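Residue numbers (our numbering): 202 to 561. Glycine included, every Cβ here is placed at the ideal spot set by N, Cα and C. Remember, predicted model here, so these are calculated numbers, not experimental data. Remarks on the structure that follows.
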Ligand SMILES: Nc1ncnc2c1ncn2[C@@H]1O[C@H](COP(=O)(O)OP(=O)(O)OP(=O)(O)O)[C@@H](O)[C@H]1O
Ligand SMILES: [Mg+2]
């Protein structure tokens with residue numbers, strides 16, 4: 202187990218700033234997930250922790266010690282990539298044992314360690330096969346086993362499950378969660394998958410163009426996104442945004458004009474001024490079809506997606522992007538139906554003109 206600290210970590214490729222002064226502390230034994238749009242610098246950050254990428258400025262500290270100039274093999278860090286990078290001519294056993302052989306462990310100890318790890322990852326029956334004789338999921342497990350067997354202080358995963366089919370992703374995700382519970386190693390994990398991020402992470406880093414937008418628990422990011430970017434990035438389907446304008450502020454709260462209609466009730470938003478433009482964020486699971494009395498705005502049904510467990514209804518409202526609502530399968534809708542939409546005020550996120558959250 203080891204703590205990791207990124208202290209003003211910066212990476213430039215020529216004149217291009219890729220990582221722009223990242224400060225993050227990862228506690229010993231924590232499972233931290235890094236998410237962010239393609240090209241935002243996730244892999245670069247991971248590779249700098251591993252020592253595979255030169256640091257332009259700032260420091261990487263492992264257990265309080267600056268490791269900038271320590272070569273990858275001596276950092277006690279194991280990295281698992283999206284492409285399994287197995288040695289094709291070596292058997293599964295030899296692939297898993299590779300690092301231990303290099304470290305000159307004795308044969309019996311290597312055998313014991315490999316069989317323990319193989320059993321944990323359900324690879325015991327595959328040890329004599331070559332990588333080409335395995336399925337994608339099995340190969341990925343060999344790559345994970347090869348990292349595990351070294352018992353590193355830190356595991357770094359760069360989208361390790363993205364080549365697997367849906368079912369295997371779920372199984373391997375659960376294996377990883379179990380692995381983390383059983384060995385309580387520090388893990389840093391990059392993914393594009395919302396579900397993986399929310400289920401595996403104790404903390405999530407949201408990176409955007411080389412800058413950390415928010416670092417917190419999955420619940421903090423989901424319920425208290427600090428800005429519109431985070432609000433739109435965390436959660437699937439993504440949060441709906443609707444423009445509004447403050448038309449009155451007094452002791453009771455503020456009144457809003459939404460889509461050219463002044464709503465006849467007060468909202469308890471703080472720190473807003475009359476005439477101020479706002480963006481209201483409402484998640485698909487919180488936007489509901491309501492009676493005329495509770496209506497915030499009207500729209501018409503444009504697309505219906507039947508997903509079995511629930512349906513997603515996409516609603517056209519004037520001059521805004523299509524809104525998405527998640528509805529019970531028992532509710533029936535038809536394309537072109539007119540609907541009134543509303544939400545509980547505690548489920549409405551509010552952002553100012555700069556996209557920053559305003560909380561009550
Ligand atoms: N060797 C390199 N030389 C120049 N630019 C690079 C190099 N490696 C990465 N970059 C640039 O750095 C930026 C970040 O790349 P990185 O691979 O870290 O992104 P990422 O967040 O992992 O993206 P993805 O989700 O697509 O894997 C990109 O704009 C990329 O083009
Ligand atoms: Mg990447």
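Item to complete: Assign residue 327 to one of two classes, buried (16 or more other C-beta atoms within 10 Å of its C-beta) or exposed (fewer than that).
Response: Residue 327 should be labelled buried.
Discussion item. In this structure, how does DSSP classify residue 423 when only helix, strand and coil are distinguished?
Written reply: helix
Item to complete: Give, in chain order, every unbroken run of the beta strand (DSSP E) that is at least 3 residues long and sits entirely within the region 480 to 537.
Response: 498 to 507, 512 to 517, 524 to 528
Worksheet item: Since residue 556 and residue 428 are thought to touch, with beta carbons under 8 Å apart, how far apart are those beta carbons, to the nearest angstrom?
Response: 5 Å
Item to complete: Following the continuous beta strand (DSSP E) through residue 442, name the residue where it begins and the one where it ends.
Response: 441 to 451
Worksheet item: By Cβ distance below 6 Å, which residues in the same chain neighbour residue 301 in space, the five residues on each side in sequence not counted?
Response: 311
Worksheet entry | Alpha carbon of residue 516 to alpha carbon of residue 534, nearest angstrom | So the alpha carbons of these two residues sit roughly 11 Å apart.
Worksheet item: Do residue 485 and residue 527 have their CB atoms nearer than 8 Å?
Response: yes
Discussion item. Can you tell me whether residue 255 is helix, strand or coil according to DSSP?
Written reply: coil
Discussion item. For the alpha helix (DSSP H) containing residue 359, name the first residue and the last one.
Written reply: Note, residue 359: premise wrong, no alpha helix (DSSP H); beta strand (DSSP E) at 355 to 359.
Discussion item. Just to confirm before moving on: does the CB-CB distance between residue 488 and residue 524 stay below 8 Å?
Written reply: yes
Item to complete: Going by DSSP, name the residue or residues bridged to residue 226.
Response: 206
Fill in: Check your reading: residues with Cβ closer than 5 Å to ligand 1 heavy atoms
Neighbourhood of ligand 1, defined by CB distance below 5 Å to any of its heavy atoms: 214, 219, 239, 240, 241, 242, 243, 244, 245, in chain order.
Practice prompt. Write down the C-beta distance between residue 332 and residue 340 rounded to the nearest angstrom, noting that I regard them as a contact closer than 8 Å.
Written response: 6 Å
Discussion item. Mapping the DSSP letters down to three states, classify residue 215 as helix, strand or coil.
Written reply: coil
Practice prompt. Pair every Cβ in the region 466 to 485 with every Cβ in the region 543 to 552, then say whether three or more of these pairs are closer than 8 Å.
Written response: Contact between the region 466 to 485 and the region 543 to 552 is present, with at least three C-beta pairs closer than 8 Å.
Discussion item. Does the contact criterion of 3 or more C-beta pairs under 8 Å hold for the region 456 to 472 versus the region 400 to 415?
Written reply: Result no; under three Cβ-Cβ pairs closer than 8 Å.
Worksheet item: Going by the beta-carbon positions, is the gap between residue 278 and residue 251 smaller than 8 Å?
Response: yes
Worksheet item: Nearest CA to the CA of residue 335: which residue from 215, 294, 351?
Response: Taking only the C-alpha atoms, the option nearest residue 335 is 294.
Worksheet entry | Cβ-based burial, residue 359 [other Cβ within 10 Å; buried from 16] | A residue is called buried when at least 16 other Cβ atoms come within 10 angstroms of its Cβ; residue 359 meets this threshold and is buried.
Worksheet item: Mapping DSSP to helix, strand and coil, what is residue 547?
Response: Secondary structure at residue 547: helix, using DSSP grouped into helix, strand and coil.
Worksheet item: Closest by CA to residue 317, which one among 350, 291, 472?
Response: 350
Worksheet entry | Closest by C-alpha distance to residue 357, when choosing among 536, 369, 322, 204 | 204
Worksheet item: Would you report the Cα separation of residue 275 and residue 386, rounded to the nearest angstrom?
Response: 17 Å
Worksheet item: Can you give the Cα-Cα distance for residue 420 and residue 558, rounded to whole angstroms?
Response: So the alpha carbons of these two residues sit roughly 16 Å apart.
Discussion item. Any heavy atom of ligand 2 inside 7 Å of the beta-carbon of residue 391?
Written reply: yes
Worksheet item: Does the distance from the CB of residue 502 to the CB of residue 538 come in under 8 Å?
Response: yes
Worksheet entry | Residue closest to residue 520, alpha-carbon to alpha-carbon, out of 541, 542, 460, 470 | 460
Item to complete: Measure the Cβ-Cβ separation of residue 496 and residue 542 and say whether it is below 8 Å.
Response: yes
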